[in-house]
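Asks:
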Amino acid sequence: MLSALDAPHAPELLQNATENMKPMPVFHQSFLESTLTLLRRQLMITYRNKPFVCGRLAMIIIMGLLYCTTFYQFDPTQMSVVMGVVFSSILFLSMGQSSQIPTYMAERDIFYKQRGANFFRTASYVLATSVSQIPLAIAEALIFGTLIYWVCGFDSSVAKFIIFLVVLFLMNLAMGMWFFFLSAVGPNTNVVTPLGMVSTLIFIIFAGFVVTKSQIPDYLIWAHWISPMSWSLRALAINQYRSDTFDVCVYDGIDYCSEYGGLTMGEYYLGLFGIETEKSWVAYGIIYTIVIYVVFMFLSFLALEFLRYEAPENVDVSEKTVEDDSYTLVKTPKNKGTDLHYFVPDPKNPKQQLELLKGINGYAVPGSITALMGSSGAGKTTLMDVIAGRKTGGKIMGKILLNGYEASDLAIRRSTGYCEQMDVHSEAATIREALTFSSFLRQDASIPDAKKYDSVNEAIELLGLEDIADQIIRGSSVEQMKRLTIGVELAAQPSVIFLDEPTSGLDARSAKLIMDGVRKVADSGRTIICTIHQPSSEVFYLFDSLLLLKRGGETVFFGDLGKNCRNLIDYFENIPGVVPLPKGYNPATWMLECIGTGVSNGAANPTNFVEYFQSSAYNQQLQTNMAKEGITVPSPDLPEMVFGKKRAANSLTQMKFVVWRYIQMYWRTPTYNLTRMYLAIFLALLFGLIFVDADYASYSGLNSGVGMVFMAALFNSMMAFQSVLPLSCSERASFYRERASQTYNAFWYFVGSSVAEIPYCFASSLLFTVVFYPFVGFQGFTAAVIFWLILSLTILMQVYMGMMFAYALPSEEVAAIIGVLINSVFILFMGFSPPAYAIPSGYKWLYTISPLKFPCP
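Counting from 1, position 216 in the sequence shown corresponds to residue 216 in full-length UniProt numbering; the numbering is continuous, with no gaps.
Rendered as structure tokens:
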């Protein structure tokens, strides 16, 4: 072999080396292939989100019907009404696009990960995302535009109608891309959401309707020319009034050419709003909207390519030893399930039922860790949810016992802890505060506070959280969050702790650290039941017993594992046809491969493992142990788990901890509160710069002043509505987890969230009023105080409405859509456009209930 090295190189070897040693391309797919792949994915993601798509379409249809029936066959000589319809249409479609901000922000985290691994080019992602919005934008423009155009009474020309649809469609796309850009450049939703509303306000206020172009100060006129809404408003106005129907001298008996210096009827009315009259401005508007759409795409590309808001990993893998390993042994019950069956409706045939668990038997004893294992779909998580009382649907048969007594749902929830696979916490608290919260609200009120604090310290020491105990949860690593999730349940001093995939998402070393902590918890006398999927051998050796399921929810093995899993290995090696465990091989992986649920491609073993277990000595031992006192038979030494109250803590304690946590959360979330403070000052300065020299004595000046107050109240309140959605939705997840454990009454959660908002709403509106009121020329201290109070209450109302939608609806996107719909109704019938006297009698009740009418004079 060595002599071959001295021989000349074969030509074919050199050729192969040249071919195989070419540098690997940065991206696997070409630009076109990558873009098409991403486009298919984006379309699939968008249109699989049926609540979002259906909500958007329903919003478009409802508001289209309201607009067209409110402005039914308007009089074209009432220019303010016609412009109001055009303005409202643009405003509504633009605000509707803001509902996509939560989706864009959620997808950005996935983009960072995949772009970092060179899955695709940033340009491909931006292009695919933008193109995927086109079908929905077409549908919205077509449905909404058709209703508005023909029912309201715009010029009956097919060509003009098509232009109307094209402008709405392009405006819809441009605003969608603008919100996509903000999602790319902003740090989080607490900043991006209010920025989206403020930027929409800037586009609208300089569009030329609320404040006409002639009234915009010279030093701000540039904002009018860059606002995409001004170009769309101008194009649609010219499209209407320079049509053959209105571009005439005589209309409705009035000779406009002779009375107004040669101006046609259309030119005269366009001039009232300072709008250019040349027909070419329609084409300019379309071109500008396309250009600004492309500019927003390019800016989004730059932001995603060169800007990152990824949180640092900060993984803490220090193996810190605790000097004192002696912990208080707690008396915990024996948990047992007898002949458990679980049925759910068959999705293909609702009249039939699927049996997910088929007669499962097993038990867990204090001081031990019992593993629930099996392939995906075997029912291990389902079984644990059934035992833990977390299944709210389906049909459960069999018995769940604690200490030999049949356990009630309340007993299970009060005496057990459940660690979900997803680590969900209120992230503004510190780790110690989260543990204290759990300890005081889930331990019985009769237990002294000193012992509750001791349980917090014990949990911190058991899980090695000493170094980070006083750090805020936000920004913690995955491994730290896993330890916290276990610690929150441990601090409640539960009798049984359920762990659902505690090592998922962790590397081998972090998984070992987590399970070492779990082992310490079990050694303190607690009962641990844990689902886990293909652990490493080091982790698997930490378990005491195993309940192994096969696909279909049947038992393959139950019993003690023995030292280094010797019992399990001997059991399977004695089964005919099973290949012995190779030396150094992971017994957990080998075991799953034996029953045909591993990753090996070997031939399946024909042995019926379920039947083999039923006839085995392990099953006989299971039946014998289950008949013992304290398992299925009550024991005089083990009490029945009975609870007289639904929750452990009294109402005063619940109120104290829940309300205080909310107050702390708001103080520690500056991106939410400081953002709205800064934006309130910015809006006040913006309005002040526009109206600093306003003359409210003239009709046009007074009309602009009313519009100014309308826009000030509208966007301050809507900014508050949109801003509270991400915060409420993120906190809702931790509420669900805590409610499942009967931690506190939902009433106190409502009180805490409501009380915490009040000072910030009044403070932000005070900052706005102090700058805005004198800046725009308003006078009178009493009037200013009344303005501040009304504005504060309007903002608070919008915040509470946002909370209601966040808590009641399935997702943040749907909540945003419904919010846009409801607020659009309030805006339409608040008495500005149309004025109160012009609202149809059938809709007067909507004017009566619209809360946005009160801030307006």
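Yeah, the Cβ is synthetic: ideal placement off N, Cα and C, and Gly gets one too.
Please go through the same chain and pick out, in chain order, the residues whose beta-carbon is closer than 6 Å to the beta-carbon of Leu236, but skip the five residues on each side of it.
Replies: Val86 and Val167
Asks: To which residues of the same chain is Tyr672 closer than 6 Å at the C-beta, ignoring the five residues directly before and after it?
Replies: Asn190 and Leu727
Asks: Can you tell me where the beta strand (DSSP E) holding Cys419 begins and where it ends?
Replies: Thr416 to Cys419
Asks: Do Val502 and Cys419 have their CB atoms nearer than 8 Å?
Replies: This sequence places Pro at residue 502; Val is not what is there. Against a cut-off of 8 Å, the Cβ pair of Cys419 and Pro502 comes out as a contact.
Asks: Roughly how many angstroms separate the alpha carbons of Pro851 and Asn716, rounded to a whole number?
Replies: 14 Å
Asks: Which same chain residues end up closer than 8 Å to Leu542 when comparing Cβ atoms and leaving out the 5 residues on each side of it in sequence?
Replies: Ile369, Met515, Asp516, Val518 and Arg519
Asks: In the DSSP assignment, find the beta strand (DSSP E) that holds Cys565 and state where it starts and stops.
Replies: It is not in any beta strand (DSSP E) - Cys565 carries neither H nor E in the DSSP assignment.
Asks: For the segment 455-463 against the segment 427-440, do three or more pairs of beta-carbon atoms, one drawn from each stretch, fall closer than 8 Å, so that the two count as touching?
Replies: yes
Asks: State the start and end residues of the unbroken beta strand (DSSP E) segment that holds Met171.
Replies: Element bounds for Met171: not the beta strand (DSSP E) but the alpha helix (DSSP H), Val158 to Val185.
Asks: For the beta strand (DSSP E) containing Cys530, list its first residue and its last residue.
Replies: DSSP places Cys530 inside the beta strand (DSSP E), whose first and last residues are Thr527 to Thr531.
Asks: Runs of 3 residues minimum, wholly inside the segment 473-514: which ones carry the beta strand (DSSP E) assignment?
Replies: Runs of beta strand (DSSP E) with 3 or more residues, each lying fully within the segment 473-514, are found at 496-500, listed in chain order.
Asks: By Cβ distance, which residues of its chain are closer than 7 Å to Val658, with the 5 residues on each side in sequence left out?
Replies: Tyr744, Trp748, Tyr749 and Gly752
Asks: On the DSSP letters alone, give me the boundaries of the beta strand (DSSP E) that Val400 sits inside.
Replies: It is Ile, not Val, that sits at residue 400 in the sequence shown. Unbroken beta strand (DSSP E) run through Ile400: Lys395 to Leu402.
Asks: Look at the alpha carbon of Leu182 and the alpha carbon of Pro194, and state the distance between them as a whole number of angstroms.
Replies: 10 Å
Asks: Can you tell which of Ala128, Gln42 and Thr46 has the C-alpha that lies nearest to the C-alpha of Phe31?
Replies: Ala128
Asks: What are the start and end residues of the alpha helix (DSSP H) that includes Thr370?
Replies: Where Thr370 is concerned, there is no enclosing alpha helix (DSSP H), although the beta strand (DSSP E) it sits in stretches over Ile369 to Met373.
Asks: Taking buried to mean at least 16 other C-beta atoms within 10 Å of its own C-beta, is Val317 buried or exposed?
Replies: In this prediction, Val317 scores a pLDDT of 34, lower than 50, which makes its location untrustworthy; no coordinate-derived value is stated.
Asks: Leaving out five residues on either side along the sequence, give the residues of the same chain with a beta carbon under 7 Å from the beta carbon of Tyr260.
Replies: Tyr268
Asks: Go through its chain and collect everything with a Cβ distance to Met397's Cβ below 6 Å, but skip five positions before and after it.
Replies: His341, listed in sequence order.
Asks: Spatial neighbours of Gly562 within its chain, please: C-beta separation below 6 Å, excluding the five flanking residues on both sides.
Replies: Excluding the 5 residues flanking it on each side, Gly562 has no same chain C-beta neighbour closer than 6 Å.
Asks: Tell me which residue opens and which closes the beta strand (DSSP E) that Gln42 is part of.
Replies: Careful: Gln42 lies outside any beta strand (DSSP E), inside the alpha helix (DSSP H) at Phe31 to Arg48.
Asks: Between the Cα of Asp339 and the Cα atoms of Ser524, Leu383, Ala371 and Phe306, which residue gives the shortest distance?
Replies: Measuring C-alpha to C-alpha distances from Asp339 to each of Ser524, Leu383, Ala371 and Phe306 identifies Leu383 as the nearest.
Asks: Between the segment 137-155 and the segment 101-112, can you find at least three pairs of beta-carbon atoms closer than 8 Å?
Replies: no
Asks: Whose C-beta lies closer than 8 Å to the C-beta of Asp423 among residues of the same chain, with five residues either side of it excluded?
Replies: Val478, Met481, Lys482, Leu484 and Thr485
Asks: Can you tell me whether Pro855 is buried or exposed? The criterion is at least 16 other CB atoms within 10 Å of its CB, across all chains shown.
Replies: Counting of Cβ neighbours within 10 angstroms places Pro855 among the buried residues, the total reaching 16 or more.
Asks: Under the three-state reduction of DSSP, which class applies to Gln722: helix, strand or coil?
Replies: helix
Asks: Return the chain-ordered ranges of every alpha helix (DSSP H) run that is complete within the segment 181-243 and spans a minimum of 4 residues.
Replies: 189-205, 221-226 and 228-241
Asks: Since Asp500 and Thr531 should fall inside the 8 Å C-beta cutoff, what is the C-beta to C-beta distance between them, to a whole number of angstroms?
Replies: That belief holds up - the Cβ atoms of Asp500 and Thr531 are roughly 5 Å apart, short of 8 Å.
Asks: Judging by CA-CA distance, which residue of Arg108, Ala58 and Phe164 is the nearest neighbour of Gln42?
Replies: Arg108
Asks: In the DSSP output, which residue or residues are listed as bridge partners for His341?
Replies: Lys358 and Met397
Asks: My parser needs the beta strand (DSSP E) runs of 3 or more residues fully inside the segment 678-755; what are they?
Replies: none
Asks: Are the CB atoms of Ser439 and Val456 nearer to each other than 8 Å?
Replies: Yes, Cβ-Cβ distance for Ser439 and Val456 is below 8 Å.
Asks: Quick one, which of Ile595, Asn118, Asp560 and Ser615 has its alpha-carbon nearest Asn625's?
Replies: Asp560
Asks: Any C-beta of chain D sitting closer than 8 Å to the C-beta of Gly84?
Replies: No chain D appears in the structure shown, which is made up of a single protein chain.
Asks: Rounding to the nearest angstrom, what Cα-Cα distance links Leu685 and Arg115 in this structure?
Replies: 40 Å
Asks: For Gln452, report the span of its alpha helix (DSSP H) as first-last.
Replies: The sequence given here has Lys at residue 452, not Gln. Element bounds for Lys452: Asp449 to Leu462.
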